[in-house]
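Numbering (the numbering used here), first residue to last: 4 to 283.
Glycine included, C-beta positions come from ideal geometry on N, C-alpha and C.
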Ligand SMILES: [Zn+2]
């Protein structure tokens with residue numbers, strides 16, 4: 004398998020698996036559930052770099068339970084194509100000639116800004132389509148996955164933010180069984196649940212692996228002490244995307260179209276986490 008930052012194998016899976024398109028089509032064909040215009044959980048800026056209309060993007064987010072949508076606040080904008088550069092520390096580049104490979108695509112990114120509203124960037128895939136690296140249907144799947152991944156980071160931020168200087172405390176959630184827990188503790192709880200399994204996806208295996216009594220993180224920044232929570236946040240972002248879309252790209256063939264087949268308790272946790280009510 005290629006490096007987790009290279010989407011080469013992921014693209015091949017999407018291109019060659021019609022079930023993946025069908026699952027996305029079902030989401031795009033659904034009628035709106037909770038998402039109504041008055042709920043401005045997602046502020047979408049105009050862009051030529053989206054693979055979807057605004058309504059389609061809202062339908063993808065509307066697949067999340069109502070209580071998760073209430074916890075979501077983010078601004079979304081589109082930007083030109085971006086890749087990971089060559090070298091030890093992956094740095095984004097908009098020059099394909101400097102990319103570590105034409106398939107080392109960065110689909111999306113999130114920035115936690117001072118005003119408290121996370122900013123999601125969706126990077127265009129137009130150059131990759133033009134260069135016949137992937138087809139439009141795969142571009143749509145990549146962008147749908149990227150959107151759900153970043154939206155989950157925005158939801159997780161309500162807990163994760165507490166460990167950073169100058170940020171507000173974590174929000175408090177009430178889980179469907181009545182238990183109240185801070186969103187930060189919920190993330191730590193997910194860290195315990197995920198530690199007994201392999202990473203959800205090829206991408207999240209970039210960040211961590213199970214260590215026997217917890218997780219071992221990779222690519223840690225020695226100047227930061229948030230490496231564990233970062234790995235948890237990335238794993239949960241991939242897990243919510245897999246839960247919502249019904250597929251994931253992993254080396255485990257059986258899990259590609261049935262992502263939770265070996266981990267029902269992870270699925271239960273994610274369902275409860277997304278359905279947890281915002282208390283304060
Ligand atoms: Zn991420």
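Query: beta-carbon residue 237 near ligand 1 non-hydrogen atom, thresh 6 Å; Result: yes
Query: Touching by the beta-carbon criterion (3+ pairs, under 8 Å), the stretch 75-87 and the stretch 276-283; Result: no
Query: Check: residue 107 C-beta below 6 Å from any heavy atom of ligand 1; Result: no
Query: Extent of the continuous beta strand (DSSP E) to which residue 76 belongs; Result: Where residue 76 is concerned, there is no enclosing beta strand (DSSP E), given that its DSSP letter is neither H nor E.
Query: Coarse secondary structure for residue 219, derived from DSSP in three states; Result: strand
Query: Proximity of residue 26 and residue 249 at Cβ, strictly below 7 Å; Result: yes
Query: Bridge partner(s) assigned by DSSP for residue 87; Result: 95
Query: Contact between the stretch 249-266 and the stretch 184-204 (3+ Cβ pairs under 8 Å); Result: yes
Query: Rounded separation between residue 264 and residue 224 - CA only; Result: 33 Å
Query: Helix, strand or coil at residue 71 according to DSSP, with G and I counted as helix; Result: helix
Query: Paired residues, beta bridge with residue 47 - DSSP; Result: 79
Query: Terminal residues of the alpha helix (DSSP H) in which residue 60 lies; Result: 57-65
Query: Proximity winner among 144, 65, 8, 153, relative to residue 80 (alpha-carbon distances); Result: 153
Query: 6 Å CB neighbourhood of residue 18 in its chain, flanking five on each side removed; Result: 141
Query: Range covered by the alpha helix (DSSP H) that runs through residue 17; Result: 11-18
Query: Whole-angstrom distance between residue 213 and residue 199, CA atom to CA atom; Result: 6 Å
Query: Spatially closest choice to residue 186 from 236, 208, 15, 218, by CA coordinates; Result: 236
Query: Any non-hydrogen atom of ligand 1 closer than 6 Å to residue 142 Cβ; Result: no
Query: Whether residue 117 touches residue 63 by CB criterion (7 Å); Result: no
Query: Extent of the continuous beta strand (DSSP E) to which residue 128 belongs; Result: Neither: residue 128 is in no beta strand (DSSP E) and is coded neither H nor E.
Query: Boundaries (first-last residue) of the beta strand (DSSP E) holding residue 183; Result: 183-185
Query: Among 221, 85, 238, 15, nearest to residue 108 - alpha-carbon criterion; Result: 85
Query: Beta-carbon spacing of residue 243, residue 144 below 7 Å; Result: no
Query: Residue 240 CB to nearest heavy atom of ligand 1 below 6 Å; Result: yes
Query: Simplified DSSP assignment, three categories, for residue 300; Result: Because the chain is modelled from 4 through 283, residue 300 falls outside the range shown and cannot be assessed.
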